[in-house]
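Notes to accompany the following structure.
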Amino acid sequence: MALETIKIIDGIKFSVWSPTEIRKYSVAEITAPETYDEDGMSVQGGLMDGRLGTLEPGQKCITCGNTAARCPGHFGHIELAEPVLHIAFIDNIYKLLLTTCRSCARLKIPKEDLEEYHRILNKEAAYTVVSVKHIPDQIIEKAKKEKTCPHCGKSQYDLIFTKPTIFIEKTELGENRLLPITIRERFSHMIDDDLKLLGYDPSTARPEWFVLQVLPVPPVTVRPSIILETGIRSEDDLTHKLVDIIRVNQRLKESKEAGTPPLIVQDLVDLLQYHTTTYFDNEVSGIPQAHHRSGRPLKTLTQRLKGKEGRFRGSLSGKRVDFSSRTVISPDPSLDIAEVGVPESVALKLTIPEVVTEWNIERLKRLVINGPNKFPGANYIVRPDGVKIRLDFVEDRETIANNIEIGYLIERHLSDGDIVMFNRQPSLHQMSIMGHYVKVLPGKTFRLHPSVCPPYNADFDGDEMNLHVPQSEEARAEAILLMRVQDQLISPRYGGPIIGALRDFITGAYLLTKDGTTLNPQEFSNLAMIAGYNGTIPEPAIKNKSGQFYTGKQLFSLFMPKDFNYVITSKWSKGTKGPAKDVVIKNGQLISGVIDKASIGAEEPDSVLHRITKDYGYDEAKKFLNSILIMLKQFITHYGFSYGYSDLELSTKTKEN
Numbered sequence: 219m220a221l222e223t224i225k226i227i228d229g230i231k232f233s234v235w236s237p238t239e240i241r242k243y244s245v246a247e248i249t250a251p252e253t254y255d256e257d258g259m260s261v262q263g264g265l266m267d268g269r270l271g272t273l274e275p276g277q278k279c280i281t282c283g284n285t286a287a288r289c290p291g292h293f294g295h296i297e298l299a300e301p302v303l304h305i306a307f308i309d310n311i312y313k314l315l316l317t318t319c320r321s322c323a324r325l326k327i328p329k330e331d332l333e334e335y336h337r338i339l340n341k342e343a344a345y346t347v348v349s350v351k352h353i354p355d356q357i358i359e360k361a362k363k364e365k366t367c368p369h370c371g372k373s374q375y376d377l378i379f380t381k382p383t384i385f386i387e388k389t390e391l392g393e394n395r396l397l398p399i400t401i402r403e404r405f406s407h408m409i410d411d412d413l414k415l416l417g418y419d420p421s422t423a424r425p426e427w428f429v430l431q432v433l434p435v436p437p438v439t440v441r442p443s444i445i446l447e448t449g450i451r452s453e454d455d456l457t458h459k460l461v462d463i464i465r466v467n468q469r470l471k472e473s474k475e476a477g478t479p480p481l482i483v484q485d486l487v488d489l490l491q492y493h494t495t496t497y498f499d500n501e502v503s504g505i506p507q508a509h510h511r512s513g514r515p516l517k518t519l520t521q522r523l524k525g526k527e528g529r530f531r532g533s534l535s536g537k538r539v540d541f542s543s544r545t546v547i548s549p550d551p552s553l554d555i556a557e558v559g560v561p562e563s564v565a566l567k568l569t570i571p572e573v574v575t576e577w578n579i580e581r582l583k584r585l586v587i588n589g590p591n592k593f594p595g596a597n598y599i600v601r602p603d604g605v606k607i608r609l610d611f612v613e614d615r616e617t618i619a620n621n622i623e624i625g626y627l628i629e630r631h632l633s634d635g636d637i638v639m640f641n642r643q644p645s646l647h648q649m650s651i652m653g654h655y656v657k658v659l660p661g662k663t664f665r666l667h668p669s670v671c672p673p674y675n676a677d678f679d680g681d682e683m684n685l686h687v688p689q690s691e692e693a694r695a696e697a698i699l700l701m702r703v704q705d706q707l708i709s710p711r712y713g714g715p716i717i718g719a720l721r722d723f724i725t726g727a728y729l730l731t732k733d734g735t736t737l738n739p740q741e742f743s744n745l746a747m748i749a750g751y752n753g754t755i756p757e758p759a760i761k762n763k764s765g766q767f768y769t770g771k772q773l774f775s776l777f778m779p780k781d782f783n784y785v786i787t788s789k790w791s792k793g794t795k796g797p798a799k800d801v802v803i804k805n806g807q808l809i810s811g812v813i814d815k816a817s818i819g820a821e822e823p824d825s826v827l828h829r830i831t832k833d834y835g836y837d838e839a840k841k842f843l844n845s846i847l848i849m850l851k852q853f854i855t856h857y858g859f860s861y862g863y864s865d866l867e868l869s870t871k872t873k874e875n
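Numbered by the numbering used here, the letters in the sequence shown go through residues 219 to 875 in order.
Written as structure tokens, this is what we have:
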């Protein structure tokens, strides 16, 4: 057995491919525009040459001998009849033409200045990181203004750049177009020291390599052809583009050999430049897009990489996972803030693996009998020997349920109380994904308590959210210990609760706790019961001839810890220039002031909610928030809150002013 040397990769460097390297990596020169012959075999020297790799499952690659599953594919190359500019480096080419002498190809900077820049670059002179970074920009700014070369004394001409690939010099005799062959010749004379000052590494990025003499042809694995239902073979967009390049290249070679007039030859060079440009990037401004016969724009190299559907965002960063669901979200203020309403149709598909024990065997047997289409049920049974039984195909589920033993694994439906992870994209902070408890509900949307919108930055105008079901006890434990909604109450951004009362809840809190709001004993008891209060009912604060009445402040006080003391200024008091510290809570009783956004609102530091969270913990804060939210929702529903035209009309005094 041969000894294998293990080496550690220090880093990856991107560099420009030189013509020599392109030819070295190539396994075949591609000269024929045809792909397959009449017998369906790949043409030698064509774009689907067998040496470039194999696509057929059983076929072996001519170059490496591997089958399609293991053959990575191999590059070919096209020898261009005339050099063309690489569209991706067009800005670099323009800057280099501006800064270098048209005669000697030196930087149009005096020798003394160049030496000074070299000293800074070599850290021999006083320098900073910023000054080194700015050297190329400073050189470009100085050099493009020079009208005479400080090295050879030749006059320099103004340069006109017509996008995307035409460069013209304005000479005394008129305008003179700089052809790619001329540009390449000029760049090849640039010295390494000048290139280093401009930020280039001459060993990996010579500027003449920006002008293509040889075009690499990607392997067939990058541009596979597909066979349609009709049996017709359809080629990839890159292959179509390469066919155009080869055809024009052949015509150009033949025209040059036949002594065709220079004007026609130049037209063919421009056509070759167009096809090469659109091969690299089919969305370059200033030239028409290359289209398919159907009229669809071709998807060439740049389009495959950039954008939402591209290689980076679409394939590499865009993940697809199992045990997840996605649908539109709707508000449900009757939910607990830590719950998520899950449609029954989703609960039937998402499963949780549960190991059969002596304590759950009877319950799991009932779920197996219900099967995959009746909620709550089960979709699969996994035996200890690894055999997986899909209950869709089992007719007599009672028999199979009776055979279940301890140690079996039942993949049961998602049920009430299961912990799941809920996420809304973009995930910008840790609260973008939180642990919620499932509440299976009818309907087709996920239901979310409106107060939990701020951490997700969610609203209900069509937003969609993702639900992930943890599949192991460890994952569930992590979600419960680290990710629950109540554990994310305090936001590092606000230094206060990110979850709290919003809109109607705040209006309800103000209407309930303002002076003059009274409730009869039945209303008081009903609202206390709805909010889950199970302590003793206090004595009514108001007793008169009309009867006994509770105040709104009394109802709100039921849900605060009995030893809670706090003083705060309400938003209402600030807005009406009322007294400071108007909200007074003593031993869990709201003595004065109104409860508004300052006390229970989301994104409000030092609020009543924030103080309860800090002094009594997350669970107590969640209990308080849940109770008051459901009570306030019920209160404002019956109390009512509306406005009419008179509320919108300007007062007479305002009109006069």
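Even glycine gets a Cβ: it sits at the ideal position worked out from N, Cα and C.
1) Touch check for the segment 833-853 and the segment 534-554: three-plus C-beta pairs under 8 Å?
2) Bridge partners for residue 606 per DSSP, in chain order?
3) Run the CB neighbour count on residue 370, radius 10 Å, all protein chains shown included, and call it buried at 16 or more, exposed below.
4) Pop quiz: residue 775 and residue 750 are said to be a contact at Cβ under 8 Å. What is the actual Cβ separation, rounded to whole angstroms?
5) Would you mind stating whether residue 432 and residue 280 have Cβ atoms separated by less than 7 Å?
6) Rounded to the nearest angstrom, what separates residue 219 and residue 292 at their Cα positions?
7) Under 8 Å by Cβ, that's how I've got residue 631 and residue 594 pegged, so tell me the actual separation to the nearest angstrom.
8) Could you spell out the range, first to last residue, of the alpha helix (DSSP H) harbouring residue 193?
9) Please specify which runs of the beta strand (DSSP E), each continuous and at least 3 residues long, are wholly inside the segment 256-326, giving them in chain order.
10) Report, in whole angstroms, the separation of the C-beta atoms of residue 773 and residue 723, which I expect to be a contact under 8 Å.
11) By a C-beta neighbour count over all protein chains shown, 10 Å radius and 16 as the cutoff for buried, is residue 597 buried or exposed?
12) Looking only at its own chain, which residues have a Cβ that is under 7 Å from the Cβ of residue 438, when we skip the five neighbours before and after it?
13) Quick one: measure Cβ to Cβ for residue 618 and residue 574, integer angstroms, because I've assumed they're closer than 8 Å.
14) Taking residue 268 and residue 250 to be in contact with their CB atoms under 8 Å, please state how far apart those CB atoms are, rounded to whole angstroms.
15) Drop a sphere of 10 angstroms on the beta-carbon of residue 565, count the other beta-carbons inside from all chains shown, and report buried for 16 or more, exposed for fewer.
16) State buried or exposed for residue 340, treating a residue as buried only when at least 16 other CB atoms are found within 10 Å of its CB.
17) For residue 857 and residue 703, what's the separation of their Cα atoms in angstroms?
18) Closest by CA to residue 579, which one among 822, 808, 620?
19) Tell me the residue span of the alpha helix (DSSP H) that contains residue 778.
20) Quick check: the Cα distance between residue 378 and residue 368, rounded to an integer number of angstroms?
21) Mind pulling the beta strand (DSSP E) runs of 3 or more residues that sit fully within the segment 484-554?
22) What span of residues does the beta strand (DSSP E) with residue 845 cover, start to end?
23) In whole angstroms, what is the alpha-carbon distance linking residue 608 and residue 538?
24) Ends of the alpha helix (DSSP H) at residue 414?
25) Does the beta-carbon of residue 436 have 16 or more other beta-carbons within 10 angstroms, so that it is buried, or is it exposed?
26) Using alpha carbons as the reference points, say which of 261, 826, 306 lies closest to residue 428.
27) Tell whether a beta-carbon distance below 7 Å holds between residue 313 and residue 358.
28) The alpha helix (DSSP H) with residue 747 in it runs from where to where?
29) Where residue 505 and residue 496 are concerned, what is the direct C-alpha to C-alpha distance, given to the nearest angstrom?
30) Residue range of the beta strand (DSSP E) that residue 762 falls in?
31) Here's the rule: buried if 16 or more other CB atoms are within 10 angstroms of the residue's CB, otherwise exposed. What is residue 820?
32) Which same chain residues, not among the five before or five after residue 423, have their C-beta less than 7 Å away from its C-beta?
33) Mapping DSSP to helix, strand and coil, what is residue 456?
34) Check whether the Cβ atoms of residue 456 and residue 469 lie closer than 7 Å to each other.
35) Could you tell me if residue 262 is buried or exposed, where buried requires 16 or more neighbouring beta carbons within 10 angstroms of its beta carbon?
36) Is there contact here, the segment 637-656 with the segment 516-524, by at least three beta-carbon pairs under 8 Å?
In terms of the structure at hand:
1) yes
2) Position 388 of the sequence shown, counted from the start, is the residue given in the question as residue 606. Note: residue 606 sits in a beta bridge opposite 600.
3) Within the sequence shown, numbered from 1, the residue matching residue 370 stands at position 152. Residue 370 is exposed by the Cβ-count criterion.
4) One-based indexing of the sequence shown puts residue 775 at position 557. One-based indexing of the sequence shown puts residue 750 at position 532. Not quite, the Cβ-Cβ distance comes to about 15 Å (not below 8 Å), so this is no contact.
5) The sequence position of residue 432 within the sequence shown is 214, counting from 1. The sequence position of residue 280 within the sequence shown is 62, counting from 1. Taking 7 Å as the Cβ cut-off, residue 432 and residue 280 do not qualify as a contacting pair.
6) Within the sequence shown, numbered from 1, the residue matching residue 219 stands at position 1. Within the sequence shown, numbered from 1, the residue matching residue 292 stands at position 74. With a pLDDT of only 47 at residue 219, under 50, the local geometry of the prediction cannot be trusted, and no value is derived from it.
7) Here residue 631 refers to the residue found at position 413 when the sequence shown is read from its first residue. Here residue 594 refers to the residue found at position 376 when the sequence shown is read from its first residue. Correct: roughly 5 Å between the Cβ atoms.
8) Outside the shown range of the chain (219 to 875) lies residue 193, about which nothing can therefore be said.
9) 294-303
10) Numbered from its first residue, the sequence shown carries residue 773 at position 555. Numbered from its first residue, the sequence shown carries residue 723 at position 505. Actually they do not touch by this definition, with Cβ atoms about 14 Å apart.
11) Along the sequence shown, read from residue 1 onward, the residue named residue 597 stands at position 379. Buried, because 16 or more other Cβ atoms sit within 10 Å of the Cβ of residue 597.
12) The residue you call residue 438 lines up with position 220 of the sequence shown. Answer for residue 438: 266, 270, 271, 273, 291, listed in chain order.
13) Your numbering for residue 618 matches position 400 in the sequence shown. Your numbering for residue 574 matches position 356 in the sequence shown. Not confirmed; about 13 Å, so no contact.
14) As a working note, residue 268 is residue 50 in the sequence shown. As a working note, residue 250 is residue 32 in the sequence shown. Actually they do not touch by this definition, with Cβ atoms about 13 Å apart.
15) Start at 1 with the first residue of the sequence shown, and residue 565 comes out as number 347. Buried: at least 16 other Cβ atoms inside 10 Å.
16) Counting from 1 along the sequence shown, the entry for residue 340 is found at position 122. Its Cβ having fewer than 16 others within 10 Å, residue 340 is exposed.
17) Numbered from its first residue, the sequence shown carries residue 857 at position 639. Numbered from its first residue, the sequence shown carries residue 703 at position 485. Approximately 30 Å, taken between the alpha carbons.
18) By 1-based counting over the sequence shown, the position of residue 579 is 361. Measuring from the Cα of residue 579, the nearest candidate turns out to be 620.
19) Position 560 of the sequence shown, counted from the first residue, corresponds to residue 778. Residue 778 -> no alpha helix (DSSP H), and no H or E assigned at all.
20) Within the sequence shown, residue 378 is the residue found at index 160, counting from 1. Within the sequence shown, residue 368 is the residue found at index 150, counting from 1. So the alpha carbons of these two residues sit roughly 22 Å apart.
21) 542-549
22) Against the sequence shown, residue 845 aligns to sequence position 627. Note, residue 845: premise wrong, no beta strand (DSSP E); alpha helix (DSSP H) at 836-857.
23) Counting from one through the sequence shown, the residue named residue 608 turns up at place 390. Counting from one through the sequence shown, the residue named residue 538 turns up at place 320. Approximately 24 Å, taken between the alpha carbons.
24) Counting from 1 along the sequence shown, the entry for residue 414 is found at position 196. That run of the alpha helix (DSSP H) goes 410-415.
25) By one-based count along the sequence shown, residue 436 stands at place 218. It counts as buried.
26) Your numbering for residue 428 matches position 210 in the sequence shown. Answer by Cα proximity: 306.
27) Working through the sequence shown from its first residue, we reach residue 313 at position 95. Working through the sequence shown from its first residue, we reach residue 358 at position 140. For residue 313 and residue 358, yes; Cβs fall inside 7 Å.
28) On the sequence shown, residue 747 is found 529 positions in, with the first residue counted as 1. 739-748 is the extent of the alpha helix (DSSP H) around residue 747.
29) Counting from one through the sequence shown, the residue named residue 505 turns up at place 287. Counting from one through the sequence shown, the residue named residue 496 turns up at place 278. The alpha-carbon atoms of residue 505 and residue 496 are separated by roughly 9 Å.
30) As a first step, residue 762 is located in the sequence shown; it is residue number 544 there, counting from the start. It spans 760-762 - the beta strand (DSSP E) in which residue 762 sits, taken as one unbroken run.
31) Here residue 820 is taken as the residue at index 602 of the sequence shown, counted from 1. That one is buried.
32) Position 205 of the sequence shown, counted from the first residue, corresponds to residue 423. Excluding residues within five positions, the ones whose Cβ falls inside 7 Å are 233, 234.
33) Along the sequence shown, one-based indexing puts residue 456 at 238. Three-state result, residue 456: helix.
34) For the purposes of this step, residue 456 is identified with residue 238 of the sequence shown, where counting begins at 1. For the purposes of this step, residue 469 is identified with residue 251 of the sequence shown, where counting begins at 1. No, they are not a contact pair.
35) One-based indexing of the sequence shown puts residue 262 at position 44. Counting Cβ neighbours within 10 Å, residue 262 comes out exposed, since fewer than 16 surround it.
36) no
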